[in-house]
Amino acid sequence: MIETKGYAVKGQDSDFEVFNFERRDLGPQDILIDIQYAGICHSDIHQARNEWKNSIYPMVPGHEIVGRVTKVGSGVTKFKTGDIAGVGCFVDSCRKCDPCKQGFEQCCTVHCAFTYNGTEMDESTPTYGGYSTNIVVDEDYALQIASDENLAGVAPLLCAGITTYSPIRRFKVGPGQKVGVIGLGGLGHMAVKFAASMGANVTVFSTSPSKEADAKALGADDFVVTKDPANLKALTSAYDFIIDTVSAPHDLNMYLALLKLNGSMVLVGVPEDPAAVSAFSLISNNRILAGSGIGGIPETQEMLDYCAEHGIFSDVEVITMDRVPEAYERTIKSDVRYRFVIDMQSFSDQ
Ligand code: NAP
Ligand code: ZN
Ligand code: ZN
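Start counting the sequence shown at 18; every next residue gets the next number (our numbering).
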């Protein structure tokens, strides 16, 4: 077994503490990754605090993982020692069902082994995530990262990146379209970068007036403060596509009204309580309301390659492990520019 040091919560009201555990020995298809950076996704906060009512403890969160491959199993062909590899939100799936065969492993109809707060394919061995010194993963569920440039800025691509890239591709965002991004946080700032890089005209809808200059620097054309709904009135029926990244309860109808004929709004944010949607919000203009969950391995690799080609990274604030609790509080207050990332080297050395 492989000794690992992690940072865990042992219950929904518990504080984080150092948690030593073991990873499995490498099987023929496995690689061992020495984790260098792990991003803090708002989903980590929801799950550490059992806001989705499905938490398994002890929990080592973290599904935005980047590090160096230090060992490979005898049958591994895609990685070699010294390569940079990434791990996102899941570490295995059945590989045989229709979604798996189509490259949507996150929708596996048998079992998707989430990177943490989940179980391996035996549906009993708990999985532990990236707030830890190393991870063992099947090579088919690891992502290739060609360069070691700005790895802290690459880590959040493994969740925030793919979660926004995937629906932006699915709804064919491109030049000549008006795109709205609701919430300028970890996911939102990536959505702005992707939509702008694909040639769309981008508006950020935000509750934080102080983020306006950043939004423009990230590639947005317009910035609308949503605390006063009157600011949205003039934009009725103006948008082709809106991506909603908000982590807390909010009114969806107010944003659906902004979609033009056949326009689509995709929910990626996951507030703990359901939202009320008026049928009128959808039947007017034949609007579409959709959802999107992370992305499969092939599309995640495509997104990483797209980012490498276009020089796209996440904007990050790198912290040491002991500052995770503070980072959670600041993320909840929308006080992060725009992703906290844990430097694992300092944690390993402690
Ligand atoms: P984040 O960094 O905290 O960003 C969320 C943003 O939402 C905030 O920066 C803030 O932007 C806005 N916001 C926060 N509270 C609000 C409120 N009460 N009313 C209106 N706006 C508010 O979180 P994240 O990591 O980007 O994650 C966002 C959500 O996506 C979370 O619920 C997370 O669990 C979910 N998620 C889903 C998937 C998926 O597969 N679908 C994947 C990853 C994450 P402003 O300051 O600009 O208003
Ligand atoms: Zn995430
Ligand atoms: Zn499957």
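Positions of the beta carbon are idealized from the N, C-alpha and C atoms, including for glycine. On a predicted model such as this, the values are computed, not experimentally measured, just so you know.
Any heavy atom of ligand 3 closer than 7 Å to the beta-carbon of residue i?
{"i": "T317", "result": "no"}
{"i": "P342", "result": "no"}
Given the structure, does residue i come close to ligand 1, in the sense that its CB is under 7 Å from one of the ligand's heavy atoms?
{"i": "P192", "result": "no"}
{"i": "I311", "result": "yes"}
{"i": "T21", "result": "no"}
{"i": "A234", "result": "no"}
{"i": "S223", "result": "yes"}
{"i": "T348", "result": "yes"}
{"i": "T180", "result": "yes"}
{"i": "P288", "result": "yes"}
{"i": "G202", "result": "yes"}
{"i": "K228", "result": "yes"}
{"i": "H267", "result": "yes"}
{"i": "S281", "result": "no"}
{"i": "V219", "result": "no"}
{"i": "S331", "result": "no"}
{"i": "S392", "result": "With the chain represented from 18 up to 367, any question about residue 392 goes unanswered, as that position is not in the structure."}
{"i": "S351", "result": "yes"}
{"i": "V358", "result": "no"}
{"i": "V77", "result": "no"}
{"i": "V335", "result": "no"}
{"i": "V241", "result": "no"}
{"i": "V196", "result": "no"}
{"i": "V209", "result": "no"}
For residue i, which of helix, strand or coil comes out of DSSP?
{"i": "Y54", "result": "strand"}
{"i": "S149", "result": "strand"}
{"i": "R41", "result": "coil"}
{"i": "R356", "result": "strand"}
{"i": "P291", "result": "coil"}
{"i": "N279", "result": "strand"}
{"i": "G170", "result": "helix"}
{"i": "K118", "result": "helix"}
{"i": "Y74", "result": "coil"}
{"i": "L306", "result": "strand"}
{"i": "T94", "result": "coil"}
{"i": "A130", "result": "strand"}
{"i": "T262", "result": "coil"}
{"i": "I82", "result": "strand"}
{"i": "V341", "result": "helix"}
{"i": "I329", "result": "coil"}
{"i": "A163", "result": "coil"}
{"i": "E68", "result": "coil"}
{"i": "I349", "result": "helix"}
{"i": "L284", "result": "strand"}
{"i": "E140", "result": "coil"}
{"i": "L269", "result": "coil"}
{"i": "G178", "result": "helix"}
Taking 7 Å as the cut-off, does the CB of residue i come closer than this to any heavy atom belonging to ligand 2?
{"i": "C58", "result": "yes"}
{"i": "H206", "result": "no"}
{"i": "H63", "result": "no"}
{"i": "H80", "result": "yes"}
{"i": "C6", "result": "This structure leaves residue 6 out entirely; the chain is present only between 18 and 367."}
{"i": "C129", "result": "no"}
{"i": "C106", "result": "yes"}
If residue i sits next to residue j, beta carbons under 8 Å apart, how far is it from one beta carbon to the other, in whole angstroms?
{"i": "F364", "j": "I57", "result": "Not a contact, Cβ separation roughly 13 Å."}
{"i": "G202", "j": "H59", "result": "7 Å"}
{"i": "H80", "j": "T132", "result": "4 Å"}
{"i": "L175", "j": "G103", "result": "5 Å"}
{"i": "V285", "j": "T262", "result": "6 Å"}
{"i": "L321", "j": "I162", "result": "6 Å"}
{"i": "V283", "j": "A237", "result": "Between A237 and V283 the Cβ distance is about 18 Å, and since that is not below 8 Å, they are no contact."}
{"i": "T253", "j": "L235", "result": "The Cβ separation is near 25 Å, so there is no contact."}
{"i": "N218", "j": "K195", "result": "5 Å"}
{"i": "Y182", "j": "I314", "result": "No, Y182 and I314 are not in contact; Cβ-Cβ is about 13 Å, not under 8 Å."}
{"i": "K277", "j": "N248", "result": "Contact doesn't hold; Cβ gap of about 18 Å is too wide."}
{"i": "V93", "j": "Q46", "result": "6 Å"}
{"i": "T337", "j": "D360", "result": "6 Å"}
Measuring only from the beta carbon, is residue i closer than 7 Å to any heavy atom that is part of ligand 4?
{"i": "S264", "result": "By its list of ligands, the structure shown excludes ligand 4, since it contains just ligand 1, ligand 2 and ligand 3."}
Would you verify that the beta carbon of residue i is, or is not, closer than 8 Å to some beta carbon of chain B?
{"i": "T262", "result": "The displayed structure is made up of one protein chain only, and chain B is not part of it."}
List in chain order the residues whose CB is within less than 7 Å of at least one heavy atom of ligand 3.
Listed by position along the chain, the residues with Cβ atoms less than 7 Å from a non-hydrogen atom of ligand 3 are S110, C111, R112, K113, C114, P116, C117, E122, C125, T126 and V127.
In chain order, each alpha helix (DSSP H) run of at least 4 residues that lies wholly inside the region 186 to 254:
Qualifying alpha helix (DSSP H) stretches, in chain order: 203 to 214, 229 to 235 and 247 to 250.
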